[in-house]
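The structure under discussion appears below in the form of structure tokens.
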Amino acid sequence: MKVTCYGGVREIGGNKILLEEDGAALFLDFGLPMGRAGEFFDEFVQPRTGSHLRDSLSVDLTPRLDGIYRSDLVCRPDVIDQAELPTDAAPLFDAGVRDYEEVLQAEGRARASAVLLSHAHLDHVGQVGYLDERISLGCTPVTRTILTVMEELLPQRIDSEALTVRRRVMDTASERARFPGAPTIKTERIHREVVTLAEYGEVTVGGFRVEALPVDHSLPGCCALLITAPSGKRALYTGDLRFNGRWSRGEGNLTERLRSRTRNLQPELLITEGTRIRSEHADDESAVRRELTEVVAGSPGLVIFDWAWK
Numbered sequence: 033m034k035v036t037c038y039g040g041v042r043e044i045g046g047n048k049i050l051l052e053e054d055g056a057a058l059f060l061d062f063g064l065p066m067g068r069a070g071e072f073f074d075e076f077v078q079p080r081t082g083s084h085l086r087d088s089l090s091v092d093l094t095p096r097l098d099g100i101y102r103s104d105l106v107c108r109p110d111v112i113d114q115a116e117l118p119t120d121a122a123p124l125f126d127a128g129v130r131d132y133e134e135v136l137q138a139e140g141r142a143r144a145s146a147v148l149l150s151h152a153h154l155d156h157v158g159q160v161g162y163l164d165e166r167i168s169l170g171c172t173p174v175t176r177t178i179l180t181v182m183e184e185l186l187p188q189r190i191d192s193e194a195l196t197v198r199r200r201v202m203d204t205a206s207e208r209a210r211f212p213g214a215p216t217i218k219t220e221r222i223h224r225e226v227v228t229l230a231e232y233g234e235v236t237v238g239g240f241r242v243e244a245l246p247v248d249h250s251l252p253g254c255c256a257l258l259i260t261a262p263s264g265k266r267a268l269y270t271g272d273l274r275f276n277g278r279w280s281r282g283e284g285n286l287t288e289r290l291r292s293r294t295r296n297l298q299p300e301l302l303i304t305e306g307t308r309i310r311s312e313h314a315d316d317e318s319a320v321r322r323e324l325t326e327v328v329a330g331s332p333g334l335v336i337f338d339w340a341w342k
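Numbering (our numbering), first residue to last: 33 to 342.
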């Protein structure tokens with residue numbers, strides 16, 4: 033089993049871990065490296081709609097890999113032809129990688145067939161929208177619900193897409209338009225295949241057997257992933273987890289169940305997060321709740337809470 037990390041190493045988030053064996057390949061998460069992204073973009077400075085992938089590749093926020101990305105984001109000869117642009121404008125519409133279809137036709141198989149999602153934070157799912165719609169997702173039912181809500185509430189940008197791909201294609205304006213016959217862009221909505229990962233249930237995704245193990249984290253639906261390759265070798269990917277949150281309290285809590293399931297596992301590979309692995313102080317979610325309660329109770333007027341999307 034071959035493992036390649038294209039993100040999430042020596043940084044917080046941006047996880048993109050490729051597992052490969054005997055022609056089968058899948059990703060563990062495909063997230064946005066939010067720390068590095070903040071060096072180039074903010075709320076009002078974002079990658080350009082027509083060059084979203086190209087902009088991300090140009091500042092090394094996305095791996096320069098052949099055979100995984102959407103054709104409408106990789107190269108747009110239709111734009112050059114219909115808009116009658118000069119040939120020297122071609123590099124402006126070419127991301128410099130081969131798209132999913134080109135590699136499939138040349139090599140007879142896809143570069144990767146699926147992405148397994150540990151949870152729905154943007155640093156783990158924020159770049160799924162770049163991937164070809166034939167690359168399926170594997171996630172828990174709660175994660176799927178959160179992704180659905182995100183697509184409905186967030187601005188319609190490529191980096192907020194996961195379950196639905198809004199493919200942009202060139203078209204011609206109708207006779208009723210202000211400029212009949214002029215080049216225009218049409219959006220086609222394509223729903224990505226989703227494989228449900230039921231807790232402690234095993235399913236086959238992209239040639240690998242996958243078992244979702246629920247974990248304690250700061251939003252619901254999170255899971256570790258126990259992956260068994262075609263050879264029988266096993267990898268355990270913890271995703272993000274903690275041992276002191278609301279789902280780590282009480283008899284039979286998620287953390288106790290995780291320990292029970294993995295105590296004698298002995299996988300060939302353990303991939304775990306390490307954001308606070310050297311921290312000597314353990315934050316307690318209940319302490320945060322107490323402090324918030326005190327602040328709100330001691331406030332004489334209106335209290336407004338605001339959280340950024342993660």
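Note that beta-carbon positions come from the ideal geometry of N, C-alpha and C, so glycine has one too.
To the nearest angstrom, how far is the alpha carbon of residue i from that of residue j?
i: L169; j: R199; result: 18 Å
i: E133; j: I222; result: 16 Å
i: T287; j: T219; result: 44 Å
i: R310; j: G128; result: 40 Å
i: P215; j: A122; result: 17 Å
i: D61; j: L136; result: 22 Å
i: I259; j: V157; result: 19 Å
i: L185; j: V77; result: 20 Å
i: E243; j: F275; result: 20 Å
i: G256; j: V327; result: First, the residue type needs correcting, since residue 256 is Ala and not Gly in the sequence shown. Between A256 and V327, the C-alpha separation is close to 35 Å.
i: L85; j: I178; result: 24 Å
i: M182; j: E53; result: 33 Å
i: V226; j: R241; result: 15 Å
i: S263; j: G239; result: 10 Å
i: R281; j: D338; result: 27 Å
i: M4; j: G39; result: This structure gives no information on residue 4, because the portion of the chain shown stretches from 33 to 342.
i: I190; j: G161; result: 5 Å
i: A205; j: R291; result: 60 Å
i: S250; j: S83; result: 33 Å
i: F72; j: V35; result: 29 Å
i: L301; j: L229; result: 21 Å
i: I44; j: L245; result: 22 Å
i: L195; j: E312; result: 39 Å
i: V247; j: K265; result: 22 Å
i: L51; j: E116; result: 43 Å
i: G306; j: D104; result: 36 Å
i: L94; j: D126; result: Checking the sequence shown, residue 94 turns out to be Thr, not Leu. Whole-angstrom Cα-Cα distance: 15 Å.
i: D98; j: K48; result: 15 Å
How far does the alpha helix (DSSP H) with residue i in it reach, from first residue to last?
i: L290; result: L286 to T294
i: D104; result: S103 to V106
i: H84; result: H84 to S90
i: M202; result: Run containing M202: none in the alpha helix (DSSP H); it sits in the beta strand (DSSP E), T196 to T204.
i: V35; result: Careful: V35 lies outside any alpha helix (DSSP H), inside the beta strand (DSSP E) at K34 to C37.
i: E323; result: E317 to A329
i: R68; result: M66 to A69
i: H156; result: L154 to V157
Quick one: what's residue i bridged to in DSSP?
i: C254; result: Partner(s): none; C254 has no beta bridge.
i: G170; result: L148 and V227
i: E283; result: DSSP lists no partner for E283.
i: L58; result: L51 and A146
i: E220; result: R199
i: E234; result: E243
i: R266; result: T260
i: D126; result: C107
i: L334; result: Answer is none; L334 lacks a bridge partner.
i: L163; result: Y101
i: P215; result: T204
In the DSSP assignment, find the beta strand (DSSP E) that holds residue i and state where it starts and stops.
i: I303; result: L301 to I303
i: A17; result: The chain is shown only over 33 to 342; residue 17 falls outside these bounds and no answer can be derived.
Under the rule that 16 or more other beta-carbon atoms within 10 Å means buried, what is residue i, buried or exposed?
i: Y232; result: exposed
i: G253; result: buried
i: T175; result: buried
i: W279; result: buried
i: P187; result: exposed
i: F211; result: exposed
i: P79; result: buried
i: G213; result: exposed
i: Q159; result: buried
i: L124; result: exposed
i: A319; result: exposed
i: A69; result: buried
i: S343; result: The structure shown does not extend to residue 343, since the chain spans only 33 to 342, so no value can be given for it.
i: R42; result: exposed
i: T325; result: exposed
i: S88; result: buried
For chain C, find out if any of its Cβ atoms is closer than 7 Å to the Cβ of residue i; answer yes or no.
i: R96; result: Of the protein chains in the structure, only one exists, and it is not chain C.
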